[in-house]
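Below is one structure, written out as structure tokens; the observations come after it.
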Amino acid sequence: MYDDFFGFHAAALRVRSTRNELLARNLAHADTPGYQARDIDFREALADANASASARLMRTHSEHLPANGESPTGTTVKYRVPMQPSVDGNTVEADIEQAEFAENIVQYRASLHFINGKIRTMRHAISGER
Amino acid sequence: MATLKVFDIAGSGMAAQAVRLNTTASNIANAGSVAGSPDEAYRAKQPLFRTVLDAAGNPASAAVRVDGIVESNAPALALHQPSHPQADADGNVWVSNVNAIEEMVNMLSASRSYRNNVEVLQTSRELLLQTLSLGS
Chain A
59 MYDDFFGFHA AALRVRSTRN ELLARNLAHA DTPGYQARDI DFREALADAN
109 ASASARLMRT HSEHLPANGE SPTGTTVKYR VPMQPSVDGN TVEADIEQAE
159 FAENIVQYRA SLHFINGKIR TMRHAISGER
Chain B
2 MATLKVFDIA GSGMAAQAVR LNTTASNIAN AGSVAGSPDE AYRAKQPLFR
52 TVLDAAGNPA SAAVRVDGIV ESNAPALALH QPSHPQADAD GNVWVSNVNA
102 IEEMVNMLSA SRSYRNNVEV LQTSRELLLQ TLSLGS
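As given, the protein sequences belong to chains A and B, one line each in that order.
According to the working numbering, numbering within the first sequence proceeds without interruption in unit steps and concludes at 188.
According to the working numbering, numbering within the second sequence proceeds without interruption in unit steps and concludes at 137.
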């Protein structure tokens with residue numbers, strides 16, 4: 059019932075949290091030689107998260123190998139195309155990652171706000187008009 | 002819990018950058034050190050960063066690890082100072098091969114990266130706290 063109630067926003071929050079982790083990872087690896095920045099396509103990831111469980115591969119045991127490039131939420135992780143790749147093969151561009159991180163945080167807050175609104179609505183309904 | 006991995010990742014980034022700051026500090030401090038022979042002269046040190054995946058091979062979480070410290074193999078500079086107590090038979094002392102400009106740039110880059118990680122950590126922490134207080 060709760061999944062239906064929060065619907066879209068719960069899935070969005072999960073995807074945003076995964077993306078936050080990825081962007082944090084990119085920023086942490088800003089100086090690691092050969093590291094390639096990764097990100098997810100939010101639209102695609104959300105469609106995946108909303109798809110019925112039967113439509114995607116599920117890992118039913120912790121020892122199972124993940125499908126190639128697949129994160130726990132079933133999202134395909136892609137590589138970022140750098141604008142100015144550096145000599146050591148690192149494709150992290152700190153300014154771009156920071157901008158994406160900031161955007162992701164705002165979107166995460168928005169999702170939290172919507173979920174909070176839904177909870178408040180439900181509380182009003184339960185407690186009556188007070 | 003998946004979200005808490007942000008702390009591990011940003012933490013490992015900070016630790017790696019701190020090692021880099023330490024080596025830079027040691028290089029700058031030893032920029033003027035002299036020795037009696039080219040082999041004994043101080044050599045600039047640099048940390049080597051590497052990506053480590055967690056046991057499950059999860060692409061969303063990979064920490065930074067310092068793989069080791071490498072020493073620069075640029076030649077030590079000979080300085081003719083016959084009156085120096087450490088001078089060799091030819092009257093030379095050997096100065097460390099630290100390049101002060103390179104070290105300054107290294108320090109700036111390391112401190113910026115460190116700050117980035119701190120920022121990520123703070124923001125993620127704040128978001129997590131807000132998520133915990135959902136519905137209140």
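Ideal Cβ placement from N, Cα and C applies to all residues, glycine included.
Because the structure is a prediction, the values reported are computed rather than measured.
Under the three-state DSSP convention, the category residue i falls into
| i | result |
| --- | --- |
| L135(B) | coil |
| V20(B) | helix |
| R178(A) | helix |
| V99(B) | coil |
| G69(B) | strand |
| H85(B) | coil |
| R51(B) | strand |
| A45(B) | coil |
| A103(A) | helix |
| N93(B) | strand |
| A63(B) | strand |
| A183(A) | helix |
| D97(A) | strand |
| A79(B) | strand |
| A36(B) | strand |
| D62(A) | helix |
| G92(A) | coil |
Cutoff 8 Å: residue i Cβ touching any chain B Cβ
| i | result |
| --- | --- |
| P140(A) | no |
| F172(A) | no |
| G154(A) | What sits at residue 154(A) in the sequence shown is Ile, not Gly. Output row for I154(A): interface = no. |
| D62(A) | no |
| N78(A) | yes |
| D97(A) | no |
| Y137(A) | no |
| I184(A) | no |
| A88(A) | yes |
| F159(A) | yes |
| A56(A) | Nothing in the structure corresponds to residue 56(A), since chain A is present only between 59 and 188. |
8 Å Cβ cutoff met for residue i and residue j
| i | j | result |
| --- | --- | --- |
| N84(A) | N162(A) | no |
| Q18(B) | S84(B) | no |
| N98(B) | A75(B) | yes |
| S169(A) | H67(A) | yes |
| I173(A) | L71(A) | yes |
| T52(B) | V65(B) | yes |
| Q82(B) | G37(B) | no |
| K6(B) | T24(B) | no |
| I29(B) | E104(B) | yes |
| N93(B) | A79(B) | yes |
Below-8 Å beta-carbon distance, residue i vs any chain A residue
| i | result |
| --- | --- |
| A19(B) | no |
| K46(B) | no |
| S125(B) | yes |
| I10(B) | yes |
| A26(B) | no |
| L78(B) | no |
| S73(B) | no |
| V121(B) | yes |
Residues of its chain near residue i, where Cβ-Cβ distance is below 6 Å and the 5 sequence neighbours each way are ignored
| i | result |
| --- | --- |
| E158(A) | L81 |
| A95(A) | N84, R138, T149, V150 |
| Y43(B) | N31, S34, S97 |
| A152(A) | A88 |
| A111(B) | Q18, R21, L22 |
| F50(B) | A17, V65 |
| A101(B) | A32 |
Residues of its chain near residue i, where Cβ-Cβ distance is below 7 Å and the 5 sequence neighbours each way are ignored
| i | result |
| --- | --- |
| S20(B) | For clarity, residue 20(B) is Val in the given sequence; the question names Ser instead. Closer than 7 Å at the Cβ level, and outside the excluded window around V20(B), lie P48, V67. |
| Q165(A) | R74 |
Contact set for residue i: own chain, Cβ-Cβ below 8 Å, skip 5 residues either direction
| i | result |
| --- | --- |
| F64(A) | I173, K176 |
| Q156(A) | L85 |
Enumerate, from N- to C-terminal direction, the unbroken beta strand (DSSP E) stretches of 3 or more residues contained entirely within the segment 132 to 165 of chain A.
The segment 132 to 165 of chain A is shown to contain whole beta strand (DSSP E) runs of 3 or more residues at 135 to 137, in chain order.
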